[in-house]
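S.K.: Here's a structure for you.
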Amino acid sequence: MLVLTLKSPLPLLFFFIFFTISFAELCNPNDKKALLNIKKAFNNAYYFASWKPEEDCCTWYSVECDENSHRIISLDISTDNEISGQIPPYVGDLPFLQSLMLHKLPNLVGPIQPAIAKLHNLKHLDISWTNISGTIPDFLSSLSKLTYIRLSFSNLSGAIPSSLSKLPNLEFLQLDRSKLTGLIPYSFGDFKAKGFYLYLSHNKLSGKIPPSLSRVDFESVDLSRNKLEGDASMIFGAHRNTWKVDLSRNLLEFDMSKVVFSRSLFMLDLNHNKIFGGLPPQMTKLSNLNSFNVSYNRLCGQIPKGGELQRFDVYSYFHNKCLCGAPLESCK
Ligand SMILES: *[C@@H]1O[C@H](CO)[C@@H](O)[C@H](O)[C@H]1NC(C)=O
Ligand SMILES: *[C@@H]1O[C@H](CO)[C@@H](O)[C@H](O)[C@H]1NC(C)=O
Ligand SMILES: *[C@@H]1O[C@H](CO)[C@@H](O)[C@H](O)[C@H]1NC(C)=O
């Protein structure tokens, strides 16, 4: 009707085109429905105030749509005390999700939601600083695009599933600060990434470190504060570009004098173990060594002179069996 009152319909046509382009809903209706279900499952917490049904869900806080397909590819719900309850099953209804992050949600409880098994495009999974519990599910190993898994600071218990080593693209695995028990799986020697990150510290892992880990190209390893025993020399080796190794506060017992270190080593912490033997002279060649601690072990003999080794103070070396030489007292 309005059109008829105008001399020319053209300006109005342009107006309609402009209106359509700027206000058309880009968000996929199924994705929107899933997100609104997630919001409802979390009792419409204030965190989700921008998730308004009448607005394009690609504009909502905490979500990201793909530029071309406009499907939801990232959901990042972080740092909120009000969000409580379990991970809603509706997260499984976002089939194009590549990144799922649930971080610093102290009142998030219950298991790792089984519906996550449906997220076959997932590359990045981060459920950390929460109170989720139960075991780490086997189904993660079927999400073959995963490159990054972080399940830190939670109430997870039980054994680490050995099937995780089947993930062909995994580069980063962080399962620290939970209540995990049992062995480090032997299969973890199968990780193929160039520069693998493995963080399993602050758990209750026990037994021997599998010798298969000698095959992994570690960039950074932290197995500290567990109950691991026996040999750990397979973690080291000149063939790697490892820059960080923290094995402190375990029950490890091996001859340090036989270990060959990566030349790129930047941080080495072995404090509170039962490591014996002497420090190998090769350690003076570790020119990147910046942080170093072998205190509270059973090491003996002269600290090799040179390189970075005399730049560390007494507290990097103290409480050993008979370690001597600078910075400790000179050998008798
Ligand atoms: C788990 O819940 C307890 C008790 O509510 C809380 O003190 C703790 O911070 C929570 N843990 C995490 C990692 O959020
Ligand atoms: C954490 O796990 C323990 C048992 O391992 C359980 O008693 C406790 O309720 C759990 N905490 C939360 C917040 O789920
Ligand atoms: C090495 O570890 C011991 C034991 O935790 C600690 O007391 C000492 O301060 C550490 N040394 C350095 C240089 O951080």
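Numbered per mature numbering (1 follows the signal peptide of the UniProt record, and there is no 0), the sequence shown spans residues -24 to -1, 1 to 308. Ideal Cβ positions, reconstructed from N, Cα and C, are used throughout, including at glycine.
Assign THR106 to buried or exposed, taking buried as 16 or more other Cβ atoms, counted over all protein chains shown, within 10 Å of its Cβ.
M.R.: What you label residue 106 is simply residue 130 of the sequence shown in a count that begins at 1. Buried, by the Cβ-count rule.
S.K.: Return the Cβ separation of ASN97 and LYS121 in integer angstroms, given the expectation that the two are a contact with Cβ distance under 8 Å.
M.R.: Against the sequence shown, residue 97 aligns to sequence position 121. Against the sequence shown, residue 121 aligns to sequence position 145. Going by Cβ atoms, the distance from ASN97 to LYS121 rounds to 6 Å, so yes, they are a contact pair.
S.K.: Please report the distance separating the alpha-carbon of SER130 from that of ALA(-1).
M.R.: Mapped onto the sequence shown, residue 130 falls at position 154. Mapped onto the sequence shown, residue -1 falls at position 24. When rounded, the distance between both Cα atoms is 41 Å.
S.K.: Determine, using beta carbons only, whether HIS46 and LEU2 come nearer to each other than 7 Å.
M.R.: Counted from its first residue, the sequence shown places residue 46 at position 70. Counted from its first residue, the sequence shown places residue 2 at position 26. Cβ distance < 7 Å, so HIS46 and LEU2 count as in contact.
S.K.: If I measure Cβ to Cβ from ARG274 and keep anything under 6 Å in the same chain, skipping five residues before and after, which residues do I get?
M.R.: The residue you call residue 274 lines up with position 298 of the sequence shown. LYS250, PHE252 and LYS297.
S.K.: Only counting the same chain, and skipping five residues up and downstream in sequence, which positions put a Cβ closer than 7 Å to that of LEU143?
M.R.: Along the sequence shown, read from residue 1 onward, the residue named residue 143 stands at position 167. Excluding sequence neighbours, LEU143 sits near SER117, SER120 and LEU122.
S.K.: For LEU(-19), count neighbouring C-beta atoms within 10 Å of its own C-beta (all shown protein chains included) and say buried if the count is 16 or more, exposed if not.
M.R.: Counted from its first residue, the sequence shown places residue -19 at position 6. At LEU(-19), the pLDDT of 47 sits below 50, so the modelled position is not reliable and the matter cannot be decided from this model.
S.K.: Cα separation between SER(-3) and TRP27?
M.R.: As a first step, residue -3 must be located in the sequence shown, where it is residue number 22. As a first step, residue 27 must be located in the sequence shown, where it is residue number 51. Bear in mind that a pLDDT of 49 at SER(-3), under 50, signals an unreliable position, so the model cannot answer this.
S.K.: Would you check if the distance between the CB atom of LYS198 and the CB atom of SER177 is smaller than 7 Å?
M.R.: Residue numbering aside, residue 198 sits at position 222 when the sequence shown is read from its first letter. Residue numbering aside, residue 177 sits at position 201 when the sequence shown is read from its first letter. Rather than Lys, the amino acid found at residue 198 in this sequence is Asp. Yes; because the gap between Cβ atoms is below 7 Å, this pair is in contact.
S.K.: Within the present structure, is the beta-carbon of SER188 separated from the nearest heavy atom of ligand 3 by less than 6 Å?
M.R.: Your numbering for residue 188 matches position 212 in the sequence shown. It does not: the Cβ of SER188 is nowhere closer than 6 Å to a heavy atom of ligand 3.
S.K.: Scan the region 207 to 247 and note each continuous beta strand (DSSP E) run of 3 residues or more that stays entirely inside, going in chain order.
M.R.: If we require 3 residues or more, the beta strand (DSSP E) runs fully inside the region 207 to 247 come out as 220 to 222 and 243 to 245.
S.K.: Residues in its own chain within less than 7 Å of CYS41 by CB, not counting five upstream and five downstream?
M.R.: Translated into positions along the sequence shown, residue 41 becomes position 65. Counting only Cβ-Cβ distances below 7 Å, and skipping sequence neighbours, we find LEU2, CYS3, CYS34, ARG47, ILE48 and ILE49.
S.K.: Here's the rule I'm using: 16 or more other beta-carbon atoms within 10 Å means buried, otherwise exposed. How should ASN44 be labelled?
M.R.: For the purposes of this step, residue 44 is taken as the residue at position 68 of the sequence shown. Exposed, because fewer than 16 other Cβ atoms sit within 10 Å of the Cβ of ASN44.
S.K.: Taking the C-alpha atoms as reference points, what is the distance between MET259 and VAL236?
M.R.: Position 283 of the sequence shown holds residue 259. Position 260 of the sequence shown holds residue 236. Near 8 Å, if we compare the C-alpha coordinates of VAL236 and MET259.
S.K.: Between SER263 and ligand 3, is there a pair consisting of the residue's CB and a ligand heavy atom that are separated by less than 6 Å?
M.R.: The residue given as residue 263 occupies position 287 in the sequence shown. The answer is no for SER263.
S.K.: With a cut-off of 8 Å on the beta carbons, I'd call ASP152 and ASN179 a contact; round off their distance for me.
M.R.: For the purposes of this step, residue 152 is identified with residue 176 of the sequence shown, where counting begins at 1. For the purposes of this step, residue 179 is identified with residue 203 of the sequence shown, where counting begins at 1. The Cβ separation is near 7 Å, so the contact holds.
S.K.: If you drop the 5 nearest sequence neighbours on each side, which residues of the same chain put their C-beta closer than 8 Å to that of PHE115?
M.R.: Here residue 115 refers to the residue found at position 139 of the sequence shown. Excluding positions up to five away in sequence, the list reads PRO90, ILE92 and ALA93.
S.K.: GLN74 to VAL39, Cα distance in whole Å?
M.R.: Numbered from its first residue, the sequence shown carries residue 74 at position 98. Numbered from its first residue, the sequence shown carries residue 39 at position 63. Their backbone Cα atoms lie some 11 Å apart in a straight line.
S.K.: Nearest to ASP52 by CA position, among ARG201, THR218 and LYS15, is which residue?
M.R.: Here residue 52 refers to the residue found at position 76 of the sequence shown. Looking at the Cα atoms, LYS15 is the closest of the given residues.
S.K.: Closest to ASN266 by CA distance: which of GLY282, PHE288 and GLY254 is it?
M.R.: Residue numbering aside, residue 266 sits at position 290 when the sequence shown is read from its first letter. Selected option, being the one with the closest Cα: PHE288.
S.K.: According to DSSP, is ARG274 helix, strand or coil?
M.R.: In the sequence shown, the residue the question calls residue 274 occupies position 298. In this structure, ARG274 counts as strand in the three-state DSSP scheme.
S.K.: Mind pulling the beta strand (DSSP E) runs of 3 or more residues that sit fully within the region 105 to 181?
M.R.: Whole beta strand (DSSP E) segments, 3+ residues: 124 to 126, 131 to 134, 148 to 150, 155 to 158 and 170 to 175.
S.K.: Comparing C-alpha positions only, which one of GLU195, ASN57 and HIS295 sits nearest to residue 310?
M.R.: Nothing can be reported for residue 310, as the shown portion of the chain is limited to -24 through 308.
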